[in-house]
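Reviewing the structure listed below.
Chains as they are written, first to last, in the numbering used here: chain A, 17 to 348; chain B, 88 to 256.
This is the structure in C-alpha cells:
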C-alpha cells in the first residue's frame, strides 16, 4: 500500500499553521512573486515568514514543499534561481518545479535536493515522466487531471518515481501549464506571471434583477441569475454564446470542483503515493475543513475502516463537484 | 458550513434617515476603539494590503441600519459607521449578512464559498477585496473574540447571542 501522504495548501503563514495542526503530512507554498502559480495579491510568503513557518512545520513532523512551478520568460531566470537558492537555505524539503531550466539549475547547483514535477509540466506519459526523472532526478510527479485510475495504475509500473494526484479543489485542467487564455485578454501569463485571471482585471456587477455579471479585462465571461451559484472568473469556465448556441453555454469547462473522496481506496490501491488538496488562494476555514476531512478519511482507510467523508460540497466551486477523468474519460 | 439562497433573497436594505444616523452615532466610539486595538495588535496585516492601504472600502452588512467605511491606512485609520445614503464613494464594496462578514473576518467561513453561494457580494476594485481578505486571513485567533473581550462580560454575551441568532436563521 502507498503511504497516501496528504499534501495541503498554504497561502499564508496562518494557513500553513492551520494545515499542520489539521494533520497535513506536507504543506506546499510559494513566495510573493511570479515564481509560483498562485501569485495573487496579498497572498504567499516573505522569506522571513517561510523561515519561521517552515520551522513550525518541521517541529511537528510536517514537510514543506516550495512551489517554483511557473516558467521563466526566456533569459529572465534570475528570480527563479534566487528563489531556489533561498528555499535551500531555508531548508524546504522539496521543490515543485515545471520548467526544465529551473529543474536543471536546482539539480546542478543543489545536488541531492528533492524535486517534484509540477502538474504544470503536464507530464502524462511514462516517456515524459521518465525523461524528467533521468535528466533531473525528479522523485515525484504530480499527474495532470486527465487520467483514469487504470491509466494511473499502468503508469505507476512504468516510471521510477512516486505519483501524486489532486484529490480536491479547483478543477481547471485546460492543458495544464499551457493555458494562454488569461494572457490573451489581460497580457499577464498564467504560466510565466503565475496568475490566472488577475484580480486587478476582474470586476463584478450586480444587475437590477439580482443577477451578477463577472468581467475579465472588460469582457463579460459569465452572468449568474439571482439564485444561481457562481464560479471563479476564469475564461475557461466562462459561459458564452455562439452562432450555433444562442443561449449561454460553457464552451470549455464548467464551474465545478474535483472531489475524489470516494475514490481514495482505489487511488491508494493503484499506487498513488500522495494526495494533493488544491487551494492556496482559499481561507484558513477551507484549509481546516478540507484537511481535517481528508486526514480522517486517509487514516480510516489505512486502518482498514470505511472512510467517513465529510460533506464538502459547500466549499466547491459553483457548489458542484466531479470525479472528472479519474472516474471516466467521458466526464465532459 | 451553511448554505443558503444568497443575499439576493435577503431582507430589504435599511440604513437611511434619522434612525440610521442615531445608530451610527451610538456605535462610532466603539468602532474607533476596536480598529485602533486591532491595528496595534496585528501590524503585519498592513503589509499584505500593499497599495490598498489607501483604498476606501464600504462594508455593507445588509440587515444593519448602517454600512461601515474602512480605510486601512496605518497612518490614518478610518473605520466608521455611515448611513447608506451618506456613504462615501468607495473603491470596493463588500456586502453580506453581518454575522457572515464577521465569520469571514475570523476565517470561520470561507470567502470563496460564500461568493459561490451568492451569500457574499463584492464590487469595485476586486484586487483591493482580495488583498483585504488575505490580510485578515493571516491573522491568528479571532478578531471577533478579541473585540468582545475588550468590552468584558457584556461584549462576550453580545457576541454569543449574535452567533446563536445567526445559527437560528
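Where a beta carbon is used, it is the ideal one built from N, C-alpha and C, also for glycine.
Here the structure is a predicted model, which is why all the values come from computation and not from measurement.
Beta-carbon proximity check, residue 40 of chain A vs residue 81 of chain A, cutoff 7 Å: no
Chain B contact for residue 182 of chain A (CB, 7 Å cutoff): no
Contact set between residue 229 of chain B and chain A, taken where Cβ atoms lie within less than 7 Å: The contacting residues do not exist; residue 229 of chain B stays about 11 Å from chain A at best.
Cβ of residue 178 of chain B within 7 Å of any chain A Cβ: no
Straight-line Cα distance separating residue 193 of chain B from residue 109 of chain B: 28 Å
Which residues DSSP lists as bridging residue 145 of chain B, in chain order: B/156, B/180
For residue 243 of chain A, the nearest candidate out of A/121, A/335, A/56 (CA to CA): The residue with the shortest Cα to Cα distance from residue 243 of chain A is A/335.
Residue 150 of chain B at chain A interface by Cβ criterion, 7 Å: no
Contact belief for residue 51 of chain A with residue 28 of chain A at Cβ below 8 Å, rounded distance in angstroms: 17 Å between Cβ atoms; not a contact.
Three-pair Cβ contact test at 8 Å for the segment 132 to 145 of chain B versus the segment 216 to 224 of chain B: yes
Buried or exposed by the 16-neighbour rule on C-beta atoms within 10 Å, applied to residue 261 of chain A: exposed
Bounding residues of the beta strand (DSSP E) (the contiguous stretch that carries residue 265 of chain A): 261 to 266
Chain B contact for residue 298 of chain A (CB, 7 Å cutoff): yes
Host beta strand (DSSP E) of residue 44 of chain A (start-end): 42 to 45
The segment 192 to 211 of chain A touching the segment 298 to 312 of chain A, judged by at least three CB pairs closer than 8 Å: no
Between the CA atoms of residue 69 of chain A and residue 229 of chain A - distance to the nearest angstrom: 39 Å
Beta-carbon proximity check, residue 178 of chain B vs residue 213 of chain B, cutoff 7 Å: no
Expected contact under 8 Å - CB spacing of residue 183 of chain A and residue 280 of chain A to nearest Å: 7 Å
Sequence ranges, alpha helix (DSSP H) only - wholly within the segment 134 to 207 of chain A, length at least 4: 142 to 152, 165 to 172, 197 to 202
Any chain B beta carbon closer than 7 Å to residue 57 of chain A: yes
Contacts of residue 136 of chain B in chain A (Cβ-Cβ under 8 Å): 58
Own chain residues within Cβ distance below 6 Å of residue 189 of chain A, not counting five before or after: 161
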